[in-house]
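Peer 1:
Protein chains: 2
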Amino acid sequence: MIVRALLLFSALALTLSCVTARAVEPLPSWNDTSPRKTIIAFVEKVTKEGSPDFVPAPERIATFDNDGTLWVEQPMYFQALFIFDRIKALAPQHPEWESKEPFASVLKGDVNAALAGGEKALLEMAMATHADMTTAEFDDIVRNWIATARHPKTGRLYTEMVYQPMLELLAYLRASGFKTFIVSGGGIEFMRPWTERVYGIPPEQVVGSSIKTKYEVRGGRPALVRLPELNFIDDGGGKPIGIQAHIGRRPLIAVGNSDGDFEMLEWTVSGGGSRLALIVHHTDGTREFQYDRESHVGRLDKALDVAERRGWIIVDMKRDWRRIYPSEPDGK
Amino acid sequence: MIVRALLLFSALALTLSCVTARAVEPLPSWNDTSPRKTIIAFVEKVTKEGSPDFVPAPERIATFDNDGTLWVEQPMYFQALFIFDRIKALAPQHPEWESKEPFASVLKGDVNAALAGGEKALLEMAMATHADMTTAEFDDIVRNWIATARHPKTGRLYTEMVYQPMLELLAYLRASGFKTFIVSGGGIEFMRPWTERVYGIPPEQVVGSSIKTKYEVRGGRPALVRLPELNFIDDGGGKPIGIQAHIGRRPLIAVGNSDGDFEMLEWTVSGGGSRLALIVHHTDGTREFQYDRESHVGRLDKALDVAERRGWIIVDMKRDWRRIYPSEPDGK
Chain A
2 MIVRALLLFS
12 ALALTLSCVT
22 ARAVEPLPSW
32 NDTSPRKTII
42 AFVEKVTKEG
52 SPDFVPAPER
62 IATFDNDGTL
72 WVEQPMYFQA
82 LFIFDRIKAL
92 APQHPEWESK
102 EPFASVLKGD
112 VNAALAGGEK
122 ALLEMAMATH
132 ADMTTAEFDD
142 IVRNWIATAR
152 HPKTGRLYTE
162 MVYQPMLELL
172 AYLRASGFKT
182 FIVSGGGIEF
192 MRPWTERVYG
202 IPPEQVVGSS
212 IKTKYEVRGG
222 RPALVRLPEL
232 NFIDDGGGKP
242 IGIQAHIGRR
252 PLIAVGNSDG
262 DFEMLEWTVS
272 GGGSRLALIV
282 HHTDGTREFQ
292 YDRESHVGRL
302 DKALDVAERR
312 GWIIVDMKRD
322 WRRIYPSEPD
332 GK
Chain B
2 MIVRALLLFS
12 ALALTLSCVT
22 ARAVEPLPSW
32 NDTSPRKTII
42 AFVEKVTKEG
52 SPDFVPAPER
62 IATFDNDGTL
72 WVEQPMYFQA
82 LFIFDRIKAL
92 APQHPEWESK
102 EPFASVLKGD
112 VNAALAGGEK
122 ALLEMAMATH
132 ADMTTAEFDD
142 IVRNWIATAR
152 HPKTGRLYTE
162 MVYQPMLELL
172 AYLRASGFKT
182 FIVSGGGIEF
192 MRPWTERVYG
202 IPPEQVVGSS
212 IKTKYEVRGG
222 RPALVRLPEL
232 NFIDDGGGKP
242 IGIQAHIGRR
252 PLIAVGNSDG
262 DFEMLEWTVS
272 GGGSRLALIV
282 HHTDGTREFQ
292 YDRESHVGRL
302 DKALDVAERR
312 GWIIVDMKRD
322 WRRIYPSEPD
332 GK
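For the record, the sequence lines run as chains A and B.
Residues in the first sequence are numbered consecutively from 2, following our numbering.
Residues in the second sequence are numbered consecutively from 2, following our numbering.
1. Please report how far the alpha carbon of Arg102(A) lies from the alpha carbon of Val143(A), in whole angstroms.
2. Using only alpha-carbon positions, find the residue among Arg219(B), Gly69(B), Phe233(B) that is nearest to Tyr292(B).
3. State the start and end residues of the unbroken alpha helix (DSSP H) segment that holds Val163(A).
4. Between which residues of its own chain and Ala255(B) is the CB-CB distance below 6 Å, once the five residues before and five after are set aside?
5. For Gly261(A) versus Gly188(A), is the C-beta spacing smaller than 8 Å?
6. With a floor of 4 residues, list each alpha helix (DSSP H) that falls wholly inside the stretch 27 to 99 of chain A, ordered by position along the chain.
7. Would you check if there are 3 or more beta carbon pairs closer than 8 Å linking the stretch 98 to 112 of chain B to the stretch 320 to 330 of chain B?
8. Distance, Cα to Cα, Thr214(B) vs Lys303(A)?
9. Determine the DSSP secondary structure at Arg198(A), reduced to helix, strand or coil.
10. Can you tell me whether Arg324(B) is buried or exposed, with buried defined as 16 or more other CB within 10 angstroms of its CB?
11. Along chain B, which residues have their Cβ under 7 Å away from the Cβ of Ala246(A)?
12. So which residues of chain A does Val207(B) contact, with C-beta pairs closer than 7 Å?
13. Using a Cβ-Cβ distance under 8 Å, would Ala22(B) count as near chain A?
14. For the alpha helix (DSSP H) that contains Asp321(B), what are its first and last residues?
15. If contact is defined by three or more beta carbon pairs under 8 Å, each pair taking one atom from either stretch, is the stretch 29 to 38 of chain A in contact with the stretch 222 to 229 of chain A?
16. Checking the sheet assignment: what are the DSSP bridge partners for Gly257(B)?
17. In three-state DSSP terms, what is Tyr326(A)?
18. Indicate whether the contact test is met: 3 or more Cβ pairs, each with one atom in the stretch 229 to 238 of chain B and one in the stretch 115 to 134 of chain B, closer than 8 Å.
19. To the nearest angstrom, how far is the alpha carbon of Ala22(A) from that of Lys46(A)?
20. Which residues mark the beginning and the end of the beta strand (DSSP E) in which Phe233(B) is found?
21. Please state if the CB of Pro29(B) and the CB of Glu169(B) are separated by a distance shorter than 8 Å.
22. For Tyr216(B), return the contacting residues in chain A, with the cut-off set at a CB-CB distance below 7 Å.
23. Look at Gln165(B) and Pro327(B) and say whether their C-beta atoms are less than 8 Å apart.
24. Exposed or buried, Thr196(A), counting other C-beta atoms within 10 Å across all chains shown (16 or more means buried)?
25. Just verifying my parser: in three-state terms, what is the DSSP assignment at Ile248(A)?
26. My assumption, with CB atoms under 8 Å, is that Ile234(B) sits in contact with Gly257(B). Please give the rounded CB distance.
27. Report yes if the CB atom of Pro204(B) is closer than 8 Å to the CB atom of Ile248(A), and no otherwise.
28. Tell me whether the beta-carbon of Ala105(B) lies closer than 8 Å to the beta-carbon of Glu99(B).
29. What's the call for Val184(A), buried or exposed, on a 16-neighbour Cβ count within 10 Å?
30. Applying the 10 Å Cβ sphere with the 16-neighbour rule, what's the burial state of Leu124(A)?
31. Nearest-angstrom Cα distance between Tyr173(A) and Tyr200(A)?
32. Do we get a CB-CB distance below 8 Å when we pair Arg198(A) with the residues of chain B?
33. Since Ser271(A) meets chain B, which of its residues come closer than 8 Å, beta carbon to beta carbon?
34. Three-state secondary structure (DSSP) at Arg173(A)?
35. Is it buried or exposed for Gly156(B), if we count other Cβ within 10 angstroms and need 16 for buried?
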């Protein structure tokens, strides 16, 4: 009898907690402007059984860009800052870097000179810091960096510079039966060590750029060795390719913030039925950073031109977000 | 009051149904021999909170080979049979195939002659039948074939030639908080159209071999076009690479049946903590097919040699499985 009473009690508690959870308004850090209303209306219609727009839970896929969509990307992509920090850390083992560009400029603290070498220079620095170690070793390096490195402007940990409204959107979608994925131009193994803790997105739901790896048994211990050779660039037209390769279904919702997300948004909304494309527009120079068409990082130009015509929703950070970071007090 | 009573009632019903579900014995089509006992003891210890072997649910990853592990692979890989059927279907559009090997032999019904060209011939046939169409078109072709094509020996649909004990193992693991993945040398897009229906494994949990794709907007409609170029071979040392690329975590359990699974099993058990590696040994020539060291398809030689020493569990189909196919009556 006691067992039965306990069962009843715990079952009741469960039921009540579900009821309570549902009563909370979704997306509290969003102002009740058009994007919030559109998102909620969309989620309600695709999750309502019997609705003509109903989509079964396994097909509810939502893909999110990372840089500039889930976390800040200014003054430059955080992975570039990671590369510079790694070059400094590795310099003692590479005396030749003191006189070899682009490394020499990084070591002198002149990042702009280092980046003047364009894509080739960036790739060279990426390979020098991301390859020739095992996947486990790289995972450790990223974990240590992300736990201690701080943003040059705010002095905050990078994982504190994520967007509170986006954390709420991820949680709201998951509570509505969606599976949330990251689809980012950033390195897949640069994101996985912390996306589960910060975004609730497990490693198997992270899609990103990658280098090749090799399976090797070293002294009886198997390892995956990271090779200095590009495998896949998950940007632009690469995003639909990465989505197909990893997920194998077209998203219902895609969220991005730059022209690198153009093809992901286009691919998503052309899937037939109800689909939603969102673009985060960085309009708030006071609370965050203000940039779009002319920015070298996260340029938003072509996608901004077609958004209205194609029915893609522009999220105006200044107008639509009540709060930017988790650490901020609620309200403007 | 009525509402509250209803809530209580439905909550109680839920609780009781959970209790009932747990009371059912797992793995009913397995004889109660050593493999079944080992699997159950393993699952109980890694899922028991407070146990020194406890593993949190998000880290409970199980990977399964497909050919010869989840479904039959004799008299040859079913995807090869698909290729031959496609060559016959496409022949009218390729009059040149009548005199061009390996196609000419396939059209004459002499599959062995076609395969005499080795890997090069197989690759040529694969590309001729898998590429130069969109991903959506290929998906349709696979769906139609898998719904109608029949096994040359049994006359059954291929999806009926899956192993009942493995369906039960997949379900048991999922009920124990595991996420189940396929990690197969077969084509990823050849499996995805039916793995959810047949195995309960959604497209995003299928890892396999692939060809390259290209994003293209054709007449205003975006498409992913399949290119006649290999992208990745998910076999041998490719399996740990594919696991890392798609899942980003090491499995707790890996199940295979051939030397192509060797590295996946090795990678899995070397992950530290409690891990389980299983090898399906095809020992039942009456109910299924009997083969191992000398077989051209699904050769099991090197893995058989080391299994005992490394603690990999051999599942002897004849001894350990009470039932092979879902359609069979229970019991021998």
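All residues carry an ideal CB built from backbone N, CA and C; glycine is no exception.
Treat the numbers as computed from the prediction; the structure is a model and nothing was measured.
Peer 2: According to the structure shown:
1. Numbered from its first residue, the first sequence carries residue 102(A) at position 101. Numbered from its first residue, the first sequence carries residue 143(A) at position 142. Note that residue 102(A) is Glu in the sequence shown here, rather than Arg. So the two alpha carbons sit approximately 24 Å from each other.
2. For this step, residue 292(B) is matched to residue 291 along the second sequence. Among Arg219(B), Gly69(B), Phe233(B), the Cα nearest to that of Tyr292(B) belongs to Gly69(B).
3. Sequence index remark: in the first sequence, residue 163(A) carries index 162 (1-based). That residue, Val163(A), is in no alpha helix (DSSP H); it is neither H nor E in DSSP.
4. As a working note, residue 255(B) is residue 254 in the second sequence. Counting only Cβ-Cβ distances below 6 Å, and skipping sequence neighbours, we find Thr64, Met265, Leu266, Thr269, Ala278.
5. Along the first sequence, read from residue 1 onward, the residue named residue 261(A) stands at position 260. Along the first sequence, read from residue 1 onward, the residue named residue 188(A) stands at position 187. It is not a contact, given that the beta carbons lie outside the stated cut-off.
6. 35 to 48, 79 to 91
7. no
8. Position 213 of the second sequence holds residue 214(B). Position 302 of the first sequence holds residue 303(A). Their backbone Cα atoms lie some 24 Å apart in a straight line.
9. Start at 1 with the first residue of the first sequence, and residue 198(A) comes out as number 197. The answer is helix: DSSP assigns Arg198(A) an H, G or I state.
10. Within the second sequence, numbered from 1, the residue matching residue 324(B) stands at position 323. It is buried - the Cβ of Arg324(B) has at least 16 other Cβ atoms within 10 Å.
11. Within the first sequence, the letter at position 245 stands for residue 246(A). Chain B residues near Ala246(A): Ser211.
12. One-based indexing of the second sequence puts residue 207(B) at position 206. Ordered by position in chain A, the residues that pass the 7 Å Cβ test against Val207(B) are Gly249.
13. By 1-based counting over the second sequence, the position of residue 22(B) is 21. Bear in mind that a pLDDT of 47 at Ala22(B), under 50, signals an unreliable position, so the number given afterwards is only what the model happens to contain. Chain A contact via Cβ: absent.
14. Here the question's residue 321(B) lines up with position 320 in the second sequence. Taken as a continuous stretch (DSSP letters only), the alpha helix (DSSP H) holding Asp321(B) covers 318 to 321.
15. no
16. Indexing the second sequence from 1 puts residue 257(B) at position 256. Answer is Ile280(B).
17. Sequence index remark: in the first sequence, residue 326(A) carries index 325 (1-based). Looking at Tyr326(A) - three-state DSSP - the assignment turns out to be coil, as it is neither helix nor strand.
18. yes
19. Numbered from 1 along the first sequence, position 21 holds the residue referred to as residue 22(A). Numbered from 1 along the first sequence, position 45 holds the residue referred to as residue 46(A). Confidence in Ala22(A) is poor, its pLDDT being 47 and thus under 50, which makes the residue's placement too unreliable to answer from.
20. Within the second sequence, residue 233(B) is the residue found at index 232, counting from 1. Its beta strand (DSSP E) spans residues 222 to 233.
21. Reading the second sequence from its first residue, position 168 is the one you call residue 169(B). Reading the second sequence from its first residue, position 28 is the one you call residue 29(B). It is a contact, given that the beta carbons lie within the stated cut-off.
22. Within the second sequence, the letter at position 215 stands for residue 216(B). Result: Gly238, Pro241, Ile242, Glu264.
23. Your numbering for residue 165(B) matches position 164 in the second sequence. Your numbering for residue 327(B) matches position 326 in the second sequence. A contact, by the Cβ cut-off of 8 Å.
24. Here residue 196(A) corresponds to residue number 195 of the first sequence, with the count starting at 1. By the 10 Å Cβ count, Thr196(A) comes out buried.
25. Within the first sequence, numbered from 1, the residue matching residue 248(A) stands at position 247. Reduced to three states, the DSSP call for Ile248(A) is coil.
26. Residue 234(B) sits at position 233 when you count from the first residue of the second sequence. Residue 257(B) sits at position 256 when you count from the first residue of the second sequence. Not confirmed; about 16 Å, so no contact.
27. By 1-based counting over the second sequence, the position of residue 204(B) is 203. By 1-based counting over the first sequence, the position of residue 248(A) is 247. Cβ atoms of Pro204(B) and Ile248(A): closer than 8 Å.
28. Position 104 of the second sequence, counted from the start, is the residue given in the question as residue 105(B). Position 98 of the second sequence, counted from the start, is the residue given in the question as residue 99(B). Their beta carbons are under 8 Å apart, which means Ala105(B) touches Glu99(B) by this criterion.
29. Taking the first residue of the first sequence as 1, we reach residue 184(A) at position 183. Burial call: buried.
30. Position 123 of the first sequence holds residue 124(A). Classification of Leu124(A): exposed, given that the 10 Å Cβ count is below 16.
31. Translated into positions along the first sequence, residue 173(A) becomes position 172. Translated into positions along the first sequence, residue 200(A) becomes position 199. Rounded to the nearest angstrom, the two C-alpha atoms are 12 Å apart.
32. Your numbering for residue 198(A) matches position 197 in the first sequence. No, Arg198(A) does not count as interfacial toward chain B.
33. Mapped onto the first sequence, residue 271(A) falls at position 270. Going along chain B in sequence order, the residues near Ser271(A) (Cβ under 8 Å) are Arg222, Pro223.
34. Translated into positions along the first sequence, residue 173(A) becomes position 172. Residue identity differs from the one stated: residue 173(A) is Tyr in this sequence, not Arg. Tyr173(A): helix per DSSP, three-state reduction.
35. Here residue 156(B) refers to the residue found at position 155 when the second sequence is read from its first residue. So Gly156(B) counts as exposed.
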